[in-house]
Every structure is written in C-alpha cells, then in structure tokens.
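Reading through the structure tokens given below for one structure.
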Amino acid sequence: MRKAERYTQVLDYFLRHVPIAETELRYENPFQLLVAVILSAQCTDKRVNMVTVDVFRDFPTPQRLAETDFDTLFPYIKSISYPNNKTKHLIGMAQLLLSEFGGVVPERIEDLVKLPGVGRKTANVIASVVYQQPAMAVDTHVFRVSARLGLTTAAKTPLETEKQLVQHIPEQYIATAHHWLILHGRYTCVARSPKCADCGLSFACKYYAAEEKKKQKKLAKVG
1 MRKAERYTQV
11 LDYFLRHVPI
21 AETELRYENP
31 FQLLVAVILS
41 AQCTDKRVNM
51 VTVDVFRDFP
61 TPQRLAETDF
71 DTLFPYIKSI
81 SYPNNKTKHL
91 IGMAQLLLSE
101 FGGVVPERIE
111 DLVKLPGVGR
121 KTANVIASVV
131 YQQPAMAVDT
141 HVFRVSARLG
151 LTTAAKTPLE
161 TEKQLVQHIP
171 EQYIATAHHW
181 LILHGRYTCV
191 ARSPKCADCG
201 LSFACKYYAA
211 EEKKKQKKLA
221 KVG
C-alpha cells in the first residue's frame, strides 16, 4: 500500500468513527491548559485531572502561581511524576509569563518554548488546542502509533515524526489528528500487547500485516 493511500484510509476511518477528538485534560482557560500539559509529561491525564482541581482553585491566575514558593506548591503535585522539577517549572513559567508576555499565554511556538517546562510537544498542544493552529504534538502514543500504522518511516525522534505527519496530513486535520493518534494509542494500540483484534484500523496497519505474516510462517513450519 502506498503511503498516500494509507494516510487517506487512516484519516477516513477516524473521520467516520471519531469525528470529535479532544484532549482529556480538564481546563477552563489557556493558562489552566498550560499548567495541565506541563504536569502531564510522563504522567496520565487521569492523575493530572485529580491534582489540578486543587491547583486551579488555589492558584487560578499566573499572578497567584508566580507569587507562591516551592514549599507551598509542592504538596499539591507531589503525586505527579517528577514533582520537584515540575514545581520549579510551574513557578518559573508563571513568572516569565508575567514578565515577558503580560500574563497572556503566547500563540507562537517560538515564544511558548521559552517558558520553563515547555518543550516543543507542550508548545504544539497549546498552539493547536487553544489557538487552532495546524501544530502536531508528538508524545509517546503518537510516536508509537504513527510508526505501527506505517504513517512514518524510520523516524527516530519526535521531531522527525512530527515533520512526516504534517507533510502528509491535510492542514485542517492536523490538530485533530494529534488527538486521534493519542487516543488510539492510549486505548487500543497500547505499547504492550496492542489490541489488534479490536482495532478498526488493522486493514491499513503495517504492524498488523507484519504480525500476520509471522503467524503464517509459524503455521507453515508446523504444518
């Protein structure tokens, strides 16, 4: 199957079966989403949503977050992965947000990555979700699912995956495709023992085709 055909079939499947795909992080404004995404690095959205209820209540604005200190904020997020670094990142992010951007979450990727705790993936999430830009955030799910489906070829880094995906996905679908791939990786194409039998994309999946060939070879040897 040609790559263009594979992209068409995968996108058509998602458009038909998952027309609405959004982040599972809970937030009410751009600042809250930025906090949540920083906390979500190598942590589940479920855990983040449990923690941010209190964080958003007691630190509802960049000003309030910037004014706090490590010992005050740390207990709120101690159950999150890497709480020490993330506590420092959140306070530093809020302070820089005030000093450089007037307390407003910036739109440009180049500006977002200046904020502590904000890498390219986080910046792309904010740009796509908040500002509806055609930005493709690549996390471990997107990286894995894209490779298995055959949407990417020999991509060794998230940036390589991002470049290949945005090259082939129509601009109007890029932001939503990020959520399609994440959700598919989170619930179906899981890291260990992917649920191929329950996957509606097996017909277009390079990984599934390869696994089926292995099974056939084993059966042929046994026979």
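Just so it is clear: in the sequence shown, position 6 is 6 by our numbering, and no numbers are missing.
Where is the CB? At the ideal position from N, CA and C, for every residue including glycine.
Just so it is clear, the structure is predicted and the values come from calculations on it, not from any experiment.
Straight across, the Cα-Cα distance linking VAL48 with VAL166 is about 28 angstroms. One thing to note: GLN9 has its Cβ no nearer than 7 angstroms to the Cβ of ALA147.
For PHE70, the closest C-alpha among the options THR87, TYR13 and LYS195 is that of THR87. For the alpha helix (DSSP H) assignment, the uninterrupted runs of no fewer than 4 residues enclosed by the region 144-223 are, from N- to C-terminal side, 158-168, 174-187 and 206-222. Unbroken beta strand (DSSP E) stretches of 3 residues or longer found wholly inside the region 5-51: none. Counting only the Cα atoms, VAL37 lies some 13 angstroms from GLU22.
In the structure shown, the three-state DSSP call for MET1 is coil.
Under the three-state reduction of DSSP output, TYR131 falls in the coil class, being neither helix nor strand.
DSSP places ASP71 in the uninterrupted alpha helix (DSSP H) bounded by 70-77. Between GLN42 and ALA66, the C-beta spacing is not below 7 angstroms. Looking only at LYS218, GLY185, TYR208 and TRP180, the smallest Cα-Cα distance to ARG16 is reached by TRP180.
A distance of 7 angstroms or more separates the beta carbons of PRO83 and ILE91. PRO30 and GLN216 have their alpha carbons spaced roughly 51 angstroms apart.
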